[in-house]
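Numbering (this note's numbering), first residue to last: 8 to 279.
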Ligand code: ADP
Ligand code: MG
């Protein structure tokens, strides 16, 4: 928590309006779908998870175990068959700008410049006039000053993800939901973007829930890693990552955790 406080002070020093992160509570969630051929798909079974405000948690697990479904539930894009979800004390009843989303595909509007993409949420909510000064702050935060007037097709993959990140953050989300956001980037850009997301997380203190297939990314980024079982997705295990930041990707403790988690995932895969 000390580092979190230091981070909040760091954010204030940068002159950015600070966010008020919130806790997230996922309580005994179950979710089924009916597939196109009429089969019942039991995506999530009795999933519970509590995140403290400002926490960074990763979700890892086999493909199809319901990670994206869980994020969509927190986003309010789906509703659970059983259980309940809360941000702070408020039940999640539908989508809201207080819960930002970022995907592998940056989903930028191709006909808008970087600046207009980033401010699109302010335009949609009719608050651009009073919040216009923040647009430059967020362009600077993600280091896209030189590309503010460029169009998405003129950006590299990493730059497009920076723009998507700024577009999500300008709404001052209490929670940021990241669904394999760096999955399409090459290894070097991906490592740089991990540092970028961490820097922003420390500066803004936003609660973040990150889905990733990359065990190294999960260990490098998170306070805790939630390992999910194959479908129907359940919380198999939660691993606390107590390593100091910045973390050494080839440190002995890092590599030990990596081996342990890989073993666990292998075991979870065999259990199905
Ligand atoms: P993950 O992100 O872990 O790969 P998903 O959450 O995308 O898994 O999906 C979990 C399961 O639920 C999969 O079997 C998927 O096909 C199914 N599913 C997800 N969304 C829908 C939907 N809208 N309709 C039908 N089936 C769905
Ligand atoms: Mg997914």
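Glycine included, each C-beta is placed from N, C-alpha and C at the ideal position.
For residue i, the residue or residues it bridges with in DSSP
i, result
"residue 83", "DSSP output for residue 83 lists no bridge partner at all."
"residue 186", "110, 218"
"residue 97", "94"
"residue 36", "54"
"residue 66", "218, 233"
"residue 144", "None; residue 144 has no bridge partner."
"residue 49", "39"
"residue 240", "51"
"residue 247", "231"
"residue 31", "58, 94"
"residue 104", "Residue 104 is not bridged to any residue."
"residue 89", "37"
Residue i: CB within 7 Å of a non-hydrogen atom of the ligand MG
i, result
"residue 221", "no"
"residue 286", "This structure does not reach residue 286, given that the chain is present from 8 up to 279, and the question cannot be answered."
"residue 202", "no"
"residue 112", "no"
"residue 6", "There is simply no residue 6 to check, as the chain begins at 8 and stops at 279 in what is shown."
"residue 186", "yes"
"residue 134", "no"
"residue 218", "yes"
Cβ-Cβ distance between residue i and residue j below 8 Å
i, j, result
"residue 238", "residue 50", "yes"
"residue 183", "residue 164", "no"
"residue 212", "residue 61", "yes"
"residue 95", "residue 30", "yes"
"residue 160", "residue 117", "yes"
"residue 36", "residue 59", "no"
"residue 172", "residue 149", "yes"
"residue 38", "residue 87", "yes"
"residue 105", "residue 180", "yes"
"residue 248", "residue 226", "yes"
"residue 169", "residue 203", "yes"
"residue 129", "residue 207", "no"
"residue 234", "residue 272", "yes"
"residue 33", "residue 56", "yes"
"residue 236", "residue 72", "yes"
"residue 109", "residue 185", "yes"
*asked:* Just to confirm the assignment: which complete alpha helix (DSSP H) runs, minimum length 4, are found wholly within the stretch 148-179?
replied: If one requires a minimum length of 4 residues, the alpha helix (DSSP H) runs lying completely within the stretch 148-179 are 164-176, in chain order.
*Contact between the stretch 78-92 and the stretch 240-257 (3+ Cβ pairs under 8 Å)*: Below 8 Å, too few C-beta pairs join the stretch 78-92 and the stretch 240-257 to call them touching: fewer than three.
*asked:* So, does the stretch 122-140 touch the stretch 209-219, judging by three or more C-beta pairs under 8 Å?
replied: Output reads no: the stretch 209-219 does not touch the stretch 122-140.
*Decide if the stretch 148-167 is in contact with the stretch 107-125; the criterion is three or more beta carbon pairs, one per stretch, under 8 Å apart.*
Verdict: yes, contact present.
*asked:* Using 8 Å as the cut-off, can you tell me whether the stretch 110-118 makes contact with the stretch 52-71, which would need three or more C-beta pairs spanning the two stretches below that distance?
replied: Touching, no.
*Contact between the stretch 188-202 and the stretch 41-50: three or more CB pairs below 8 Å?*
As far as the Cβ criterion goes, the stretch 188-202 does not touch the stretch 41-50, which means the pair count is below three.
*Pick out every residue whose C-beta is nearer than 5 Å to a heavy atom of the ligand GTP: which are they, in chain order?*
The ligand GTP is not among the ligands present in this structure, which contains only the ligand ADP and the ligand MG.
*Counting Cβ pairs closer than 8 Å, one from the stretch 244-251 and one from the stretch 74-90, do we hit at least three?*
When C-beta atoms of the stretch 244-251 are compared with those of the stretch 74-90, fewer than three pairs fall below 8 Å, so the two segments do not count as touching.
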